[in-house]
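A short worksheet on the structure shown next.
Residue numbers (our numbering): 1260 to 1448.
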């Protein structure tokens, strides 16, 4: 129980920091987010007009990269702390939780799913290269079909190896990917 008192702030701090890094990146380029909603204690970045013409594609990408860059930085710090702390210490357990949390955030956030950082990064990279917003959205739907298949395979492998949490998380991401691919899940306009 004592360890949870140390690790829970690390998990929540990582998630909050990830989202606040998006806010900082958006403010830095002069195109701040419209709101941060808090649901069940967790932050959600909100842009009311996701296809805002006043925001250039590169600015959309920069805003989306704020969180993954922050999480990657914490991942590197956690990795360094893990190497210098004794394996049976509270510090090591906290570093392990920080490492796992930020590995998850920095990896999953880059999946090309709308609403997750990788979705806008792919979308606006395509627009920057000459595609229309609608064409970019269609490409993302196709990509997410393949991603759903890959995540389903990964989920099945995780379950078969007894990694239930990883299997469940990747299954949920697979369902989201298929939802995007079939047009059931779309970004809000």
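Cβ coordinates follow ideal geometry from the N, Cα and C atoms, glycine included.
### Task
Assess, as a yes-or-no matter, whether the stretch 1316–1335 is touched by the stretch 1370–1389 under the definition of 3 or more beta carbon pairs within less than 8 Å.
yes
### Task
Measure the C-alpha to C-alpha separation of residue 1266 and residue 1298 and round it to an integer number of angstroms.
Mapped onto the chain shown, residue 1266 falls at position 7. Mapped onto the chain shown, residue 1298 falls at position 39. Going by the C-alpha atoms only, they are around 20 Å apart.
### Query
Taking the Cβ atom as the reference point for each residue, do residue 1280 and residue 1295 lie within a distance shorter than 8 Å?
Start at 1 with the first residue of the chain shown, and residue 1280 comes out as number 21. Start at 1 with the first residue of the chain shown, and residue 1295 comes out as number 36. Not a contact, by the Cβ cut-off of 8 Å.
### Task
In the DSSP assignment, find the unbroken alpha helix (DSSP H) run with residue 1288 in it and report its ends.
Working through the chain shown from its first residue, we reach residue 1288 at position 29. Where residue 1288 is concerned, there is no enclosing alpha helix (DSSP H), given that its DSSP letter is neither H nor E.
### Message
Threshold first: 4 residues or longer. Then list the alpha helix (DSSP H) segments lying entirely within the stretch 1284–1363, N to C.
### Response
1316–1343
#### Entry: Where residue 1443 sits in the DSSP three-state scheme
Start at 1 with the first residue of the chain shown, and residue 1443 comes out as number 184. Looking at residue 1443 - three-state DSSP - the assignment turns out to be coil, as it is neither helix nor strand.
### Message
Here's a check: name, in chain order, each residue in its chain whose Cβ is nearer than 7 Å to the Cβ of residue 1354, leaving out the five neighbours to either side.
### Response
The residue you call residue 1354 lines up with position 95 of the chain shown. Cβ within range, chain order: 1337, 1340, 1341 and 1344.
### Message
Cutting at 6 Å between CB atoms, please list the residues of its own chain near residue 1426, excluding the five before and the five after it.
### Response
Taking the chain shown and counting its residues from 1, the one referred to as residue 1426 is at position 167. 1414, 1417 and 1418, listed in sequence order.
### Query
Nearest-angstrom Cα distance between residue 1291 and residue 1420?
In the chain shown, residue 1291 corresponds to position 32, counting from 1. In the chain shown, residue 1420 corresponds to position 161, counting from 1. Whole-angstrom Cα-Cα distance: 44 Å.
### Query
Where do the ends of the alpha helix (DSSP H) carrying residue 1401 lie?
By 1-based counting over the chain shown, the position of residue 1401 is 142. Looking at the DSSP string, the run of the alpha helix (DSSP H) that includes residue 1401 is 1392–1419.
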